[in-house]
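Participant:
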């Protein structure tokens, strides 16, 4: 009997609890009737907008955009350089590892106010999606429909080949890309020009480098050697039905010619007799440059190398304090503009010599130095008297060594020697490796 009463009591509690829960749930629903509905994302991806175009002009409605009203992206075009369609700004963004770009017509006056790297929020509901000037385009936005969220963003061009672009041109349209090792497809053409288009090949396929009339690129001489091109991809249907590819560089800087600007052949150099060594290759737009030692070093006799006994500095800071470095200066003539792209060096490091080193540069006559590389470690045998060629140092992403016109001091500091008599040498120069130190880049007078 007691068990029956106890069970009834438990059942009453369960029923009461259930009723209270239902009451609370009902009350909550009345307070917030849309609690299960959620809120639609007001921003749609560029790739989703591109997907809506089916060959005809289309007005972008909120239904098309799944309730969204805006897109966002970083400006990849450079309107001031005049190599983009009139009144157009091009943006791109990356969503779920996919990068997409699109052109937006805003008019010449507004387009001129946006800089590469500006992050924009654009209200596109009610605008027209069309194709013009070789790009899918949204028309037309005014200043009240665009918000600059932030500035100074850096876009890295996507490395591609001509074959990759040819295989899927739609995927790369209005995106910043980089194509290397390109030469004019028809080398017999005299005085080739980018104006209105120059067909080039990279060994995998062909594409057209395009410069609009009035841009600096339209009068730029085409490099005789293979060049790298950075630019925005445009596409057009050719008369044969195939898609034609155009890359429009944003500025002169996007046409990259790479050649030796300074190099040192150290064959026959006498370290004891001559404390410095002039470069053996000097670009015509540079003054002579001499390789020298810092005050913390003592010249050491060695053949076909620039050699020094290295002190026992335990850290980079100690090497900087003591002056344990090799140095040379890059001095442009007549305000020529220099961009450094790579550095190659052969190093001979004795077993107890310093294995750690770093390249640094100064643009204020040595008052302050910035890193050209991170901390590096010598790679190779310490018993090879010929020296070991170190991995190429890529300088293309070092902003401070691009487009400079003032003298630049370059130093290599080293540290970590186990005794004060071992050497850290540049070299040797060999018959099959005449330049122990080579700096490549491009110079525009």
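Numbering (this note's numbering), first residue to last: 158 to 602. Beta carbons: idealized from backbone N, C-alpha and C, even for Gly.
Quick one: grab the DSSP three-state call for residue 557.
Facilitator: Residue state, collapsed to three classes: helix.
Participant: Express the C-alpha separation of residue 383 and residue 286 in angstroms, rounding to a whole number.
Facilitator: Distance between the alpha carbons of residue 286 and residue 383: 38 Å.
Participant: Give the single residue among 379, 320, 324, 342 whose Cα lies nearest to the Cα of residue 348.
Facilitator: The option with the nearest alpha carbon to residue 348 is 379.
Participant: Within 10 angstroms of its Cβ, does residue 536 collect 16 or more other Cβ (buried), or is it exposed?
Facilitator: The residue in question, residue 536, is exposed, as its Cβ has fewer than 16 Cβ neighbours within 10 Å.
Participant: For the region 570 to 584 against the region 457 to 475, do three or more pairs of beta-carbon atoms, one drawn from each stretch, fall closer than 8 Å, so that the two count as touching?
Facilitator: Cβ pair count under 8 Å is three or more, so yes.
Participant: Identify which residue in 451, 495, 454 has its Cα closest to the Cα of residue 442.
Facilitator: Residue 442 has its Cα closest to that of 495, out of 451, 495, 454.
Participant: I need the boundaries of the beta strand (DSSP E) containing residue 289, first residue and last residue.
Facilitator: Element bounds for residue 289: 285 to 289.
Participant: Distance, Cα to Cα, residue 283 vs residue 219?
Facilitator: Each residue's alpha carbon lies about 8 Å from the other.
Participant: Pick from 320, 343, 342: whose alpha carbon is nearest that of residue 335?
Facilitator: Nearest option by C-alpha distance: 320.
Participant: Quick one: what does DSSP say residue 239 is sitting in, helix, strand or coil?
Facilitator: Note: residue 239 maps to coil in three-state DSSP.
Participant: If I measure Cβ to Cβ from residue 509 and keep anything under 7 Å in the same chain, skipping five residues before and after, which residues do I get?
Facilitator: Answer for residue 509: 574, 575, 576, 579, listed in chain order.
Participant: Check each candidate in 236, 602, 272 and name the one with the smallest Cα separation from residue 307.
Facilitator: Cα-wise, what sits closest to residue 307 is 272.
Participant: Can you name the start and end residues of the beta strand (DSSP E) that residue 582 belongs to?
Facilitator: Here the beta strand (DSSP E) through residue 582 covers 581 to 584.
Participant: Would you give the residue range spanned by the alpha helix (DSSP H) that residue 208 belongs to?
Facilitator: 203 to 208 is the extent of the alpha helix (DSSP H) around residue 208.
Participant: Of all the beta strand (DSSP E) runs that stay within the bounds of the region 276 to 339, which reach a length of 3 or more residues?
Facilitator: The qualifying runs are 276 to 280, 285 to 289, 292 to 296, 303 to 307.
Participant: Please confirm if the region 222 to 241 is in contact with the region 354 to 363, defined as three or more CB-CB distances below 8 Å between the two stretches.
Facilitator: In short, these stretches do not touch, since the Cβ pair count stays below three.
Participant: Taking Cβ positions, are residue 514 and residue 533 nearer each other than 7 Å?
Facilitator: In this structure, residue 533 lies closer than 7 Å to residue 514 by Cβ.
Participant: Across which residues does DSSP place residue 572 in a beta bridge pair?
Facilitator: According to DSSP, which records beta bridges pairwise, residue 572 is partnered with 513.
Participant: Given a threshold of 16 other Cβ atoms within 10 Å of its Cβ, counted over all protein chains shown, does residue 260 qualify as buried or as exposed?
Facilitator: With 16 or more Cβ atoms within 10 Å of its Cβ, residue 260 is classed as buried.
Participant: Tell me where the alpha helix (DSSP H) around residue 450 begins and ends.
Facilitator: Careful: residue 450 lies outside any alpha helix (DSSP H), inside the beta strand (DSSP E) at 447 to 450.
Participant: Where residue 428 and residue 521 are concerned, what is the direct C-alpha to C-alpha distance, given to the nearest angstrom?
Facilitator: When rounded, the distance between both Cα atoms is 29 Å.
Participant: Take residue 172 and list the residues in its own chain whose beta-carbon comes closer than 6 Å to its own, dropping the five residues that flank it on each side.
Facilitator: Here the model assigns residue 172 a pLDDT of 43, short of 50, so the residue's position is not dependable and the matter cannot be decided.
Participant: Go ahead and pull the three-state DSSP assignment for residue 443.
Facilitator: Residue state, collapsed to three classes: strand.
Participant: Give me, in chain order, the residues of the same chain whose beta-carbon lies closer than 7 Å to that of residue 512; leave out the 5 immediate sequence neighbours on both sides.
Facilitator: 506, 534, 535, 573, listed in sequence order.
Participant: If we call anything under 7 Å between Cβ atoms a contact, is residue 419 one with residue 586?
Facilitator: In this structure, residue 586 does not lie closer than 7 Å to residue 419 by Cβ.
Participant: Straight-line CA distance for residue 389 to residue 404?
Facilitator: Cα to Cα, the separation comes out at about 5 Å.
Participant: By the DSSP assignment, the alpha helix (DSSP H) with residue 477 in it spans what residues?
Facilitator: Start and end: 473 to 479.
Participant: For the alpha helix (DSSP H) that residue 267 lies in, which residues bound it at each end?
Facilitator: Run containing residue 267: 265 to 268, per the alpha helix (DSSP H) assignment.
Participant: Would you decide whether residue 236 is buried or exposed? Buried here means 16 or more other CB atoms lie within 10 Å of its CB.
Facilitator: When all chains shown are included, residue 236 counts as buried.
Participant: Within 6 Å: the Cβ of residue 252 and any heavy atom of the ligand PLP?
Facilitator: Among the components modelled here there is no ligand, and therefore nothing to report on the ligand PLP.
Participant: Report the rounded CA-to-CA distance for residue 187 versus residue 197, giving the unit in angstroms.
Facilitator: A caution first: residue 187 carries a pLDDT of 36, below 50, which makes its placement in the model too unreliable to give a value.
Participant: By a C-beta neighbour count over all protein chains shown, 10 Å radius and 16 as the cutoff for buried, is residue 412 buried or exposed?
Facilitator: Its Cβ being crowded by 16 or more others within 10 Å, residue 412 is buried.
Participant: Taking the continuous beta strand (DSSP E) assigned at residue 501, which residues delimit it?
Facilitator: First-last of the beta strand (DSSP E) with residue 501: 494 to 506.
Participant: So if DSSP puts residue 599 in a beta bridge, which residue, or which two residues, is it bridged to?
Facilitator: Answer by DSSP bridge pairing, in chain order: 496.
Participant: Assuming residue 454 and residue 485 form a contact by the criterion Cβ under 8 Å, report the distance between their Cβ atoms to the nearest whole angstrom.
Facilitator: That belief does not hold up - the Cβ atoms of residue 454 and residue 485 are roughly 14 Å apart, past 8 Å.
Participant: For residue 489, write down the residues that DSSP places opposite it in a beta bridge.
Facilitator: DSSP, once it has assigned bridges, lists 443 as partnering residue 489.
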